[in-house]
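Quick note: the sequence shown uses the numbering used here, first residue 55, plus one each step.
Notes follow once the structure below has been shown.
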Amino acid sequence: MRKLQGIQRYYHRLRQSENGSDYYIEPRESCPIDVLNRPDKFVILTFDKDDDYIVVNNQRYYLTKRVAVKATDKINRRIAVVDIDELEQSKPYTFKEKFTRQNTLKVDSFGQLRKLARDQFSTNGAPYVKQLLRDNHYYYEPSFSRQAVSA
Numbered sequence: 055m056r057k058l059q060g061i062q063r064y065y066h067r068l069r070q071s072e073n074g075s076d077y078y079i080e081p082r083e084s085c086p087i088d089v090l091n092r093p094d095k096f097v098i099l100t101f102d103k104d105d106d107y108i109v110v111n112n113q114r115y116y117l118t119k120r121v122a123v124k125a126t127d128k129i130n131r132r133i134a135v136v137d138i139d140e141l142e143q144s145k146p147y148t149f150k151e152k153f154t155r156q157n158t159l160k161v162d163s164f165g166q167l168r169k170l171a172r173d174q175f176s177t178n179g180a181p182y183v184k185q186l187l188r189d190n191h192y193y194y195e196p197s198f199s200r201q202a203v204s205a
């Protein structure tokens, strides 16, 4: 059995229907409670499906399997649960403003991401996302009532 790394140690995507279109992105049962109780570790973010990255302090950070558990790629504005610690340790790349798309997430600092994580955590604890496919449209129900990105 392969050893899980990054956010995969703590989160997984649990399918709920036979065709896999309905699922939860939720903490694993084996996730340590002290990790889940950290209010500034995990955050739900939106990002542009064509880019697969977010911009922090004018640097691109890719949402790899080590950093994020992503929702579907069938829509332009995607959602992911992100491990901020892993994101901060990943390799940054220079970002040029001319590559900004409609759904490119840009924040000034990791502190701003951690503040957003604390706001989300205060609503319902450790974040999770439920994805439903109804009438050929994807619907997302995050674990908090605010928008996925209010940074």
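Backbone N, C-alpha and C define an ideal beta-carbon position, used for all residues, glycine too.
Within a Cβ cutoff of 8 Å, which residues of the same chain sit near Asp127, ignoring the five residues on either side of it in sequence? Lys103
Exposure label - Tyr182; buried when at least 16 CB within 10 Å: buried
Can you find a C-beta in chain B that's less than 8 Å from the C-beta of Leu159? In the structure shown, chain B cannot be found, because there is only a single protein chain.
Give the DSSP-derived three-state secondary structure of Glu72 in the structure shown. Secondary structure of Glu72 (DSSP, three-state): coil.
Determine the closest residue to Leu68 out of Val136, Asn130, Tyr194, Gln185, with distance taken between C-alpha atoms. Gln185
Of the choices Leu99, Ala180, Asn111, whose alpha-carbon is the least far from that of Ala134? Leu99
Specify, as a first and last residue, the run of the alpha helix (DSSP H) that Leu167 falls within. 164-178
Applying the criterion that 16 or more other CB atoms from any shown protein chain within 10 Å of the CB defines a buried residue, is Lys95 buried or exposed? buried
Quick check: the region 145-163 against the region 111-125, are at least 3 beta-carbon pairs closer than 8 Å? The answer is yes - the region 145-163 touches the region 111-125, with three or more Cβ pairs under 8 Å.
Does the Cβ-Cβ distance between Leu90 and Asp106 come in under 8 Å? no
Using DSSP with H/G/I as helix, E/B as strand and the rest coil, what is Gln185? Of the three classes helix, strand and coil, the one that applies to Gln185 here is strand, per DSSP.
Could you pull out every residue in the same chain whose Cβ sits closer than 7 Å to the Cβ of Lys124, ignoring the five residues on either side in sequence? Leu117, Arg132, Ala134
Hey, out of Leu58, Ser197, Leu187, whose CA is closest to Arg120's CA? Leu58
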